[in-house]
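Asks: Can you read through this structure? Questions will come right after.
As structure tokens, this is what we get:
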């Protein structure tokens, strides 16, 4: 692949390539069957476990108890 020396020519060539890729992607998506889309979705897996496990509680009850104690002191 020859790189044009002129910056504007390089930008125009880059834009033309990206537009061509977008057209190909759009055509592939338009031609994709529901079965193939479902197959792709099912093949996606998380590479790592979540950063941390979510707690089984929100802490709302504890927060309400703290606020209640603060009101009683006043």
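In this note's numbering, the protein residues as written are 6 to 79.
Glycine is no exception: its CB is placed at the ideal position from the N, C-alpha and C atoms.
Bear in mind the structure is a predicted one, so any value in this text is a computation, not a measurement.
What would DSSP say about residue 52, mapped onto helix, strand or coil?
Replies: On the chain shown, residue 52 is found 47 positions in, with the first residue counted as 1. DSSP places residue 52 in coil when its eight states are reduced to three.
Asks: Mapping DSSP to helix, strand and coil, what is residue 11?
Replies: Counting from one through the chain shown, the residue named residue 11 turns up at place 6. Coil.
Asks: Go ahead and pull the three-state DSSP assignment for residue 23.
Replies: In the chain shown, the residue the question calls residue 23 occupies position 18. If DSSP states are grouped into helix, strand and coil, residue 23 belongs with the helices.
Asks: Can you look up residue 73 in the DSSP assignment and give me helix, strand or coil?
Replies: For the purposes of this step, residue 73 is taken as the residue at position 68 of the chain shown. If DSSP states are grouped into helix, strand and coil, residue 73 belongs with the helices.
Asks: Assign residue 58 to one of three DSSP states: helix, strand, or coil.
Replies: Here the question's residue 58 lines up with position 53 in the chain shown. DSSP, reduced to helix, strand and coil, places residue 58 outside both helices and strands of the structure shown, so it counts as coil.
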